[in-house]
Amino acid sequence: MGEAKVIINDQVPKDWIDYNGHMNDAEYVRAFSWGVDRFMKLVGITDDFRENNHYTVFTMENHVCYLAEMKLGEPFEVHLQMLDYDEKRAHVFYELYGENGKRAATSEQMLMGIDQTSGRPAPFPDEIFAKVKDLADNHTPDEKPKEAGRVIGIRSKKK
């Protein structure tokens, strides 16, 4: 259907580097959190919209796969794909790429529309839903990424 949408271009800052000499695991999550912020802006949930409509998006679940190390000053991009959506949820998939197209991490997330007045899940307002649908129409992969839908666990060997 559609290719991933590049939503962030940046580089790894010094304060993201840990004692192992590469990007700390929490900073991968920070980059993907920035991706949620960009997603919200793409669909029209700006600061003004949030303030005026008391509506936002929460991350309900997040699965991160760490695939490669990122180094100090390394340029990176975050790409967004839509896996699914309904009237109040968006199932999104982010990929973090380093230099030379290195696929460094992925994050599968379930995002939920929230009425800030009640603190409860609420359907996307019509104008937001239309933009979520447009993102899905243009940025849903033909095949589900291999990291999507994974379950964490240790495969036990029977004795």
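Count the sequence shown with the UniProt record's numbering and you get residues 1 to 159, in order.
Glycine included, C-beta positions come from ideal geometry on N, C-alpha and C.
So, at 6 Å on beta carbons, what are the nonlocal neighbours of Glu69 in its own chain, with the 5 sequence-adjacent residues on each side left out?
The answer, listed in chain order, is His22.
Give a yes or no on whether the C-beta atoms belonging to Val78 and Ile114 are separated by under 8 Å.
It is not a contact, given that the beta carbons lie outside the stated cut-off.
Rounded to a whole number of angstroms, what is the C-alpha to C-alpha distance between Lys102 and Phe76?
CA-CA distance, Lys102 to Phe76, rounds to 9 Å.
Contacting residues, own chain, Cβ-Cβ under 8 Å from Glu127 (five flanking each side not counted)
The answer, listed in chain order, is Gly44.
Just confirm the distance between the C-beta atoms of His139 and Leu80, as a whole number of angstroms; I'd bet it's less than 8 Å.
Their Cβ separation, rounded to whole angstroms, is 6 Å, which keeps His139 and Leu80 in contact under 8 Å.
By the three-class DSSP mapping on this structure, what secondary structure does Tyr19 have?
Note: Tyr19 maps to coil in three-state DSSP.
Which word fits Val151, buried or exposed, when buried means at least 16 other C-beta atoms lie within 10 angstroms of its C-beta?
Around the beta-carbon of Val151, fewer than 16 other beta-carbon atoms lie within 10 Å, marking it exposed.
Ala105 versus Phe32, Glu3, Ile8 and Lys5, residue with shortest Cα-Cα distance
When C-alpha distances from Ala105 are compared across Phe32, Glu3, Ile8 and Lys5, the shortest belongs to Phe32.
CA-CA distance, Met112 and Phe39?
C-alpha separation (whole angstroms): 12 Å.
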